[in-house]
Structure formats: structure tokens, C-alpha cells
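Here the structure comes first, spelled out in C-alpha cells, and everything after it is commentary.
Residue numbers (the working numbering), protein chains in the order written: chain A, 139 to 445; chain B, 498 to 703.
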């Protein structure tokens, strides 16, 4: 489809000017669409607006404007399901795709989920007989967070979450463990380490909210073993003696003397599930966030002296 | 069976999916056979439970069952949201367990349009899906679902019970009473199957 090919070109464009969150958003009720048919007999939808004028494209004080050939026209800056107007390829509405493609989806090839998101773009075209036609089914495109205010808002909100791991070990890092005796791993559950945490970021009338919940801590124990724990773990108390942790633990089979500094380096990576949304809008989704902290432990061999 | 699945996969790769779904209810389902290709008349098996898919390995059978359950859930949710259309952000929760973008956005667009224009869809449609393509070794796994949709018992009306037509309220032609074939693509997202694209197979009756 011609439009899709043109969109593909957009992906390599160096400058994508977006006109989101305009200073004076146009009122959605000023514009509406009607069903129509293009020259090929395909069903299209045509925007018509009751007021406003033509413009050179992009954001303006009176609202948002397309820039298709000489047919620039005012359109609503936001739509309840199509998302926000962006001055891509003459004018498109973009909305973060939900859900985002799975991690193993080839559409991610060459793209880093930490840098941006896939959006569904509904773009205007010139085929409309009495107005601006737009595509019925959106096209997925990838845009970096810095290219879209919604991506910037998401980064800002996540940055406000108090995610800060705090791992604990038994034996304490100042102490010494023994081969064959259990090591307990845990984190005190609070909003920084595991429990639900919330934050938000606002730009003009749009408030984006995020909610984080701990999902897993991956403990790389330094001896080649990796322990996955789907809970914050159980704090060790002296009354537990030499029992194994009921939730998250490990037993070393070799002493740590051959390790750098004579200690095993433990790397704990906490993964949170981040749910995000915009109130009163279908925009939202989920994404992971991770933070890593390290500690070390000394493990000696148990030596038995007999006479 | 292998060739059947292969044809389904090829068909899913063919041409851009251009249109969205709109509709339905009733159950049916079951695994079934496949068509002879896009140029052949599409025929539904007499007994949808006795098709060749019944011989697939357990992983494929489980996937087909999950996909058809997702499809059935989507149709039921669609009937519910169109019986009492709400703003898109409220209808979202009823559909997000079954649909992914871009299809999700298209279905929400229609529901939102119905809400704003004061129309509902009364009655019930019938649907008859079958999985005609399945690629479990893909990244991610994908599938094709063909559906025979009958909307003759599922009609637009205004909120006062008066008649409304798709054209009069600016909704797609799929909102007009008819019976036709639709083809969907399904895609595995982490631990679940979601329908992400749909189109009407123009000219194919069922």
C-alpha cells in the first residue's frame, strides 16, 4: 500500500516534527468524519471541520493543521481513539501500540525498547472527495521517546518512581558463610524495592500515570548459578539456625577463596512491571524496568579437626 | 495437515490487511479443514469437529483451542460493548484480553463512534471460526483465523429503538446486515494469543 511505503520512509527520516499537546487544542466536536469511497472503490473516512482555516502544517495557535500538498486543513489535535496529531507525512494521528510487540517480535530488530515505542499511526491522505480522508486501519511505526511528548512524559514519570534495590544476605557480607550451609537472600519490601509504587507526569492537560510492582529478583550468585525469586524473599532470623530459606536461597558447593578478593560477587537484578496509562484515554500499556545492585560474600570450607 | 497449515500461513502473508472486524455472537468453533486457496470458493465443513486439524500434535491442538477461545471471547465482548456503547477508554477493558493493535484500535473506534452518535447494535450475530494457518515456530507464533459471520440478526438501532443504517451514522459497510467471510491474524504476545488484524474477504460468501 502506497501509504505504508511512505510511512516506511518516515522511519528513516532524521527529523520528525510532532505537534502534540498544542498550546490551544482544537475542540474535538468541531470536526467529525463521514464515510466515503475513494477512486478505487475503497471505503475511506473523511474529516470535515465546522470552522478553522488552512495552515502550513503542524502545530498552530488555532489548533493542528495537516500539510498535504496545498490542502492544509485544521484537524482536531487529539482524538479519543486515534491519539494525538503528529506532523508526519503531512499529518497522522499516533497512539502507543497496545500491547507493544512481544520481545521476540522481529519488528524490534535494530530497535531498543528502552529508547522508544511502537505507535499506531492513522495518516491523512489526499483521496478524500470533500475533505481529508484518513486510513481506516492504523500502521505500526517506531518512534523514539524523545520524538514524542508522550514518550517523554513516560520517561519522566518512570524517573519519578523510587525504584532503588536494597538487597540483604545471610550470612551478612561482613561475616563468613560455609560450604554446604544455606545462604538466604531477600530485600525489605517497600515501595523502593518491591511493593507497589506510583508516580505521574503532566504536560498541559495530559497526565500520565505509572505504577510499578516488583515481579522478580534474579540473583547471580558468583559461582555460575542463577537463582530466580518471584518474591522479596524471607528475612533471616537467628532462630532459623541452619534452615534453608523457604522462598529464596542458595547453597555454595565450593569455597570463595579462588574468587577475586576471596569473595563471591552477587549481582541482584530486580525487575518491576510498569503499568502506565492516561486518565480517560485508551493510551497506556506495560513495560519492564530493571535495577541492579551488587554485594559479596565470603564462603569458607568447613574443616573438622579430629584427634 | 502440513500443507493445510502452510497454505494458511502463506495467505496470511499475502496482501496488506486493510479492514477491521465488526460483529458477533453464538458459538461453534472447533478445529476444521482449510480452504483450497484464495482463488477457490470457500466452503465450510459439514462437521467442524472432524476436520484434519484433529490429527495435529498436542501443541498445535492446544494452540488452536486457545486461539478459538480468544476469538469466541472477542465476539462475545464485541456483542456486549456494541449493545451499550461506551467511550473507548471504558470499552477498552472488555476487549483488551482478546485484541491487539491495530485491530484493537479499530474496534474501539467503532464503539466510540456508536457512543457519540447514539446508536446501539441489538440482537445477536452468529460466527463460525476456524484456524486455517498456524506457525508455532515463528517469532512470535502466528495464526490465521477465517470466520463466517452472519449479522442479519444483529442490527443497528438508535437508543430509542428506532432503525438506523450504517450509512446514516457513518459506520463501515460491515455494520449492514449480511453474511460474509472475514480473515483474522492472531499473534502470540508473551503468554497469550491476541487477534491483531482483520479484513473482510470481499466476494467470498459463506
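Here a beta-carbon is modelled for each residue, glycine too, at the ideal position from N, C-alpha and C. Predicted, not measured: the structure shown is a model, and the values here were computed from it.
| Along chain B, which residues have their Cβ under 7 Å away from the Cβ of residue 338/A? | Here the premise fails: no neighbours, minimum Cβ distance about 17 Å.
| Within 9 Å of chain A by C-beta, residues of the stretch 590-606 of chain B in sequence order | From the stretch 590-606 of chain B, only 593, 597, 598, 599, 600, 601, 602, 603, 605 and 606 have a Cβ closer than 9 Å to chain A.
| field | Closer than 8 Å to chain B by CB, residue 308/A | value | Answer no: the Cβ-Cβ gap between residue 308/A and chain B never drops below 8 Å.
| First and last residue of the alpha helix (DSSP H) that includes residue 295/A? | 287-297 is the span of the alpha helix (DSSP H), which, as asked, contains residue 295/A.
| field | Meets three-Cβ-pair contact criterion under 8 Å: the stretch 593-608 of chain B and the stretch 620-630 of chain B | value | Under the 8 Å Cβ criterion, the stretch 593-608 of chain B does not count as touching the stretch 620-630 of chain B, having fewer than three qualifying pairs.
| Which value, in whole angstroms, describes the spacing of the CA atoms of residue 576/B and residue 220/A? | Those two C-alpha atoms are separated by around 22 Å.
| task | Output yes if chain A places a C-beta closer than 8 Å to the C-beta of residue 687/B; else output no. | result | For residue 687/B, the answer is yes, since a Cβ of chain A falls inside 8 Å of its Cβ.
| residue 683/B to residue 692/B, Cα distance in whole Å? | One C-alpha to the other measures close to 4 Å.
| request: Measure from the alpha carbon of residue 461/A to the alpha carbon of each residue in 572/B, 602/B and 637/B, then state which is nearest. | output: The question about residue 461/A has no answer, for chain A in this structure spans 139 to 445.
| task | Using the DSSP secondary-structure output, state which residues sit across from residue 413/A in a beta bridge. | result | Per DSSP, the beta bridge partners of residue 413/A are 349/A and 424/A.
| request: Measure from the alpha carbon of residue 389/A to the alpha carbon of each residue in 353/A, 326/A, 427/A and 322/A, then state which is nearest. | output: Of all alpha-carbon atoms in 353/A, 326/A, 427/A and 322/A, the one lying nearest the alpha-carbon of residue 389/A is that of 322/A.
| Mind pulling the alpha helix (DSSP H) runs of 4 or more residues that sit fully within the stretch 302-345 of chain A? | Here no run is fully enclosed.
| Quick one: does residue 425/A have its CB under 8 Å from some CB of chain B? | Not one chain B Cβ lies under 8 Å of residue 425/A.
| query | Could you give the distance in angstroms between the alpha-carbon of residue 557/B and the alpha-carbon of residue 640/B? | reply | Their backbone Cα atoms lie some 11 Å apart in a straight line.
| task | Please determine, among 233/A, 398/A, 204/A and 237/A, the residue with the shortest C-alpha to C-alpha distance to residue 712/B. | result | Look at the range of chain B in this structure, 498 to 703, and you will see that residue 712/B is not part of it.
| said: Using 8 Å as the cut-off, can you tell me whether the stretch 296-305 of chain A makes contact with the stretch 235-249 of chain A, which would need three or more C-beta pairs spanning the two stretches below that distance? | reply: The stretch 296-305 of chain A makes no contact with the stretch 235-249 of chain A; the number of CB pairs closer than 8 Å stays below 3.
| query | Who are the neighbours of residue 171/A on chain B, taking C-beta pairs under 7 Å? | reply | Neighbours of residue 171/A on chain B, chain order: 667.
| How many angstroms separate the CA atom of residue 287/A from the CA atom of residue 649/B? | Cα to Cα, the separation comes out at about 45 Å.
| field | Extent of the continuous alpha helix (DSSP H) run through residue 281/A | value | Here residue 281/A belongs to no alpha helix (DSSP H); instead the beta strand (DSSP E) covers 277-282.
| Given residue 368/A, which residues of its chain have a CB within under 6 Å of its CB, disregarding the five upstream and five downstream residues? | For residue 368/A, the CB contacts under 6 Å within the same chain, skipping 5 residues up- and downstream, are 354 in chain order.
| request: List the endpoints of the continuous alpha helix (DSSP H) containing residue 611/B. | output: Judged by DSSP secondary structure, residue 611/B falls within the alpha helix (DSSP H) whose first and last residues are 600-614.
| Counting only beta-carbon atoms, is residue 690/B nearer than 8 Å to chain A? | Residue 690/B does not count as touching chain A.
| query | Ordered along the chain, which non-local residues of its own chain (more than five positions away) have a Cβ less than 6 Å from that of residue 349/A? | reply | Cβ neighbours of residue 349/A within its own chain (closer than 6 Å, five residues either side excluded): 336 and 413.
| Where does residue 394/A sit, in a helix, a strand or coil, going by DSSP? | Coil at residue 394/A, not helix or strand.
| message | So that I know if they touch, is there some Cβ in chain B lying closer than 8 Å to that of residue 235/A? | response | Answer yes: the Cβ-Cβ gap between residue 235/A and chain B drops below 8 Å somewhere.
| request: Just tell me which of 620/B, 599/B and 610/B has its CA closest to the CA of residue 658/B. | output: Across the set 620/B, 599/B and 610/B, the C-alpha of 620/B shows the shortest separation from the C-alpha of residue 658/B.
| query | First and last residue of the beta strand (DSSP E) that includes residue 257/A? | reply | Here the beta strand (DSSP E) through residue 257/A covers 254-263.
| field | Where the alpha helix (DSSP H) through residue 568/B begins and ends | value | Start and end: 555-580.
| query | Name the chain B residues whose beta carbon is nearer than 7 Å to that of residue 218/A? | reply | Under the 7 Å cutoff, chain B gives 584, 585 and 609.
| Nearest to residue 435/A (by Cα), restricted to the options 227/A, 417/A and 392/A | Taking residue 435/A as reference, the option from 227/A, 417/A and 392/A with the minimal CA-CA separation is 392/A.
| Just curious, the beta strand (DSSP E) that residue 631/B is in, first and last residue? | Where residue 631/B is concerned, the enclosing beta strand (DSSP E) starts and stops at 623-632.
| Would residue 343/A count as contacting chain B if we go by Cβ distances under 8 Å? | Among the CB atoms of chain B, none fall inside 8 Å of the CB of residue 343/A.
| said: If contacts are defined as beta-carbon pairs under 8 Å, then residue 320/A and residue 380/A qualify, I think. What distance do you get, rounded to the angstrom? | reply: That pair is a contact at about 7 Å.
| Whose C-alpha, out of 681/B, 616/B, 665/B and 610/B, is nearest the C-alpha of residue 646/B? | For the options 681/B, 616/B, 665/B and 610/B, the alpha carbon positioned closest to that of residue 646/B is the one of 681/B.
| query | List, in order along the chain, the chain D residues whose C-beta lies closer than 8 Å to that of residue 636/B? | reply | Although the question refers to chain D, the structure presented lacks it and instead comprises the protein chains A and B.
| task | Measure the C-alpha to C-alpha separation of residue 635/B and residue 655/B and round it to an integer number of angstroms. | result | Computed Cα separation, rounded: 45 Å.
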